[in-house]
Amino acid sequence: MDLRRIPARDGDVASDPVLLAAIRDEIAATGPMTFARFMEITLYDPARGYYRGAVARPGRGGDFLTAPEASPIFGRTIARFGRAVHAALGAPGTLTIREHGAGTGALAAPLVETLLEADGGPVSIDYLVDEVEPARVEAVGLALAGLAGVQVERDHGRPVDGLVIANEVLDALPTHRVIRRASELREVHVGVTADDQLADIEIEPSSPALAARLAAESIVLADGQYAEICLALDDWVANAAGGIRRGVLLLIDYGHPAADLYDPRRRAAGTLATYRGHQVGEDPYRAIGRQDITAHVDATAVESAAAAAGLIPLGTTTQAEFLSRLGAGELLVAEQTRPGASLATYLETRSALVRMIDPAAMGRFRVMAFGRALDGEVELPGLADRRPSQARRRGGAGVIGTASSRL
Ligand SMILES: C[S@@+](CC[C@H](N)C(=O)[O-])C[C@H]1O[C@@H](n2cnc3c(N)ncnc32)[C@H](O)[C@@H]1O
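Adding 9 to a residue's 1-based position in the sequence shown gives its number in my numbering.
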């Protein structure tokens, strides 16, 4: 997402009253809820959650601008990676692509169009959409409607020989929050104050899996340090990986190896952030159901879950390096001679690409690729170091793609 950080202004956006009442009622009935449960309600409630409903959240008129929404050059560049995946699968006539969290289809359209135009590329593409919101599946169908040789369907988990991709999806999964107090791990729950406001409350962890995750990653939080732990990542990656018979899982998101994510010098307050109206905030208890809530992704946990699901790491890098190595610069030059090109469209594309590769913005996003049953020793373009992030750190080698701070 491409945003500027501003302090949240209390009271300027009302919460959804029904969601707020549901949260208060649940707390009154069963006690403080985990932050993950709070996110489940605010983002995913089937009737009123932030990600549900007809209005797509990313986009110029929405709350944040993702790289695919910023310009189709993102999808065209990713198509170069898609071509290599297609080749690594033995160049079948039909390539299957599954996109998790496909949003408005802003990645799907240029990706599919470019792949189908490519010499030696697939003749047809099955595009499977895994979206929490059915309206988004329809939107992707519409975005691809003019293209011959594409079938779009809502994902029902059928096995994929192809490319599975998720851009800016993992950072929205419900996450738990913890804090270390006097050598003890406490979990930050959501409670209700005497004057009926939602507020943080620190109590016993709701699951031993929270301490176990930190221990598995050799993380010891500093006293007073907050951290988000996304236990939902394990099932999400297992599910995404489990659906791949042969092919590649490509994940792009805010993310860092555990040692960076939980570095007390850089992220003592954790990485929780809210997004509304192209502005970043820090208060999850305002604008409930009407603002996005995210936390940076634990790349080490993703790698562990992918390995547990039998995937092979193919490489990891930053979005800036990924797009550059795939030849986004060359594609930008080609923009000047695209049919219908004008100086205005060229300049718009150029400025969008600059934001996508700017290390102070989206350029520092983490790109992670994993594969299963590909032909031989596959070197896919755009990627770098294959070793898992923890091994790189222990070996003292330069870590490619660490982000310096959140936006
Ligand atoms: C930040 S938007 C990114 C959209 C798109 N990938 C892009 O880059 O423009 C997150 C999208 O993921 C969807 N989403 C969130 N959680 C999801 C989940 N658990 N499974 C499938 N889709 C999800 C949302 O509905 C939303 O469309």
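From the three backbone atoms N, C-alpha and C, an ideal C-beta is built for every residue, glycine too. On a predicted model such as this, the values are computed, not experimentally measured, just so you know.
- [ ] Starting from L207, follow the alpha helix (DSSP H) in both directions and report where the run begins and ends.
- [x] Unbroken run through L207 is the beta strand (DSSP E), 207-212; no alpha helix (DSSP H).
- [ ] Assuming A247 and A314 form a contact by the criterion Cβ under 8 Å, report the distance between their Cβ atoms to the nearest whole angstrom.
- [x] 6 Å
Open item on the list: ligand 2 and A236: does any heavy atom of the ligand fall closer than 7 Å to the residue's C-beta?
Closed with: Of the ligands one can find in the structure shown, namely ligand 1, none is ligand 2.
Task: T113 vs A148 beta-carbon contact at 8 Å - done: yes
TODO: State buried or exposed for P368, treating a residue as buried only when at least 16 other CB atoms are found within 10 Å of its CB.
DONE: exposed
- [ ] Find out if the Cβ-Cβ distance for the pair T303, F374 is shorter than 8 Å.
- [x] no
Task: Whole-angstrom distance between R190 and F73, CA atom to CA atom - done: 35 Å
Task: Segment limits, beta strand (DSSP E) that includes Y136 - done: 133-139
Task: Straight-line gap, P26 to R295 (C-alpha atoms, nearest Å) - done: 11 Å
Open item on the list: If the criterion is Cβ atoms closer than 8 Å, does the pair T283 and D301 meet it?
Closed with: yes
TODO: Taking R163 as the reference, give the member of A111, P131, V178 with the closest Cα.
DONE: A111
Task: Element boundaries [beta strand (DSSP E), containing H198] - done: 193-201
Task: Counted within 10 angstroms of its Cβ, other Cβ atoms place I212 as buried (16 or more) or exposed - done: exposed
Task: Rounded separation between A5 and A30 - CA only - done: Because the chain is modelled from 10 through 416, residue 5 falls outside the range shown and cannot be assessed.
Task: Nearest to R186 (by Cα), restricted to the options G130, P119, S215 - done: S215
Open item on the list: Could you check whether the Cβ of P348 sits closer than 7 Å to any heavy atom belonging to ligand 1?
Closed with: no
TODO: Give the single residue among L356, G279, Q288 whose Cα lies nearest to the Cα of A231.
DONE: G279
- [ ] Enumerate in chain order the residues of its own chain whose CB-to-CB distance from E35 is below 7 Å, with the five nearest sequence positions on each side excluded.
- [x] M42
Open item on the list: Could you check whether the Cβ of T75 sits closer than 7 Å to any heavy atom belonging to ligand 1?
Closed with: yes
TODO: Put E162 into one of helix, strand or coil per three-state DSSP.
DONE: strand
- [ ] Check whether the Cβ atoms of L179 and V376 sit closer than 8 Å, and answer yes or no.
- [x] no
Task: Inter-residue spacing [alpha-carbon to alpha-carbon] between R402 and A250 - done: Reliability of the predicted coordinates at R402 is poor, the pLDDT of 45 falling under 50, and no value is obtained from them.
Task: Residue range of the unbroken alpha helix (DSSP H) whose run includes E344 - done: 337-344
Task: Beta-carbon separation (whole angstroms), A241 vs P183, contact threshold 8 Å - done: 5 Å
Open item on the list: If the criterion is Cβ atoms closer than 8 Å, does the pair I188 and Q234 meet it?
Closed with: yes
Task: Proximal residues to G20 (C-beta, below 8 Å), its chain only, five neighbours per side dropped - done: Unreliable placement is indicated for G20, whose pLDDT of 46 sits below 50; the coordinate value is still reported in the next sentence. Once the five neighbours on either side are set aside, the close Cβ partners of G20 are R295.
Task: Whole-angstrom distance between R299 and A23, CA atom to CA atom - done: 8 Å
Open item on the list: Please determine whether the Cβ atom of E147 lies at a distance below 7 Å from any heavy atom of ligand 1.
Closed with: no
Open item on the list: Closer than 7 Å to a non-hydrogen atom of ligand 1 - does that hold for the CB of A224?
Closed with: no
- [ ] Can you tell me which of the three DSSP states A23 falls into?
- [x] coil
TODO: Say whether the stretch 153-162 touches the stretch 120-133, bearing in mind that this needs 3 or more beta-carbon pairs closer than 8 Å, one atom from each stretch.
DONE: yes
- [ ] Compute the distance between the beta-carbons of A127 and L383, then report whether it is under 8 Å.
- [x] no
Task: Residues that DSSP places opposite A282 in a beta bridge - done: T303
Open item on the list: Using 8 Å for Cβ pairs, my map puts G58 next to T51. What's the rounded Cβ distance?
Closed with: 6 Å
- [ ] Classify G166 as buried or exposed, calling it buried when 16 or more other Cβ atoms lie within 10 Å of its own Cβ.
- [x] exposed
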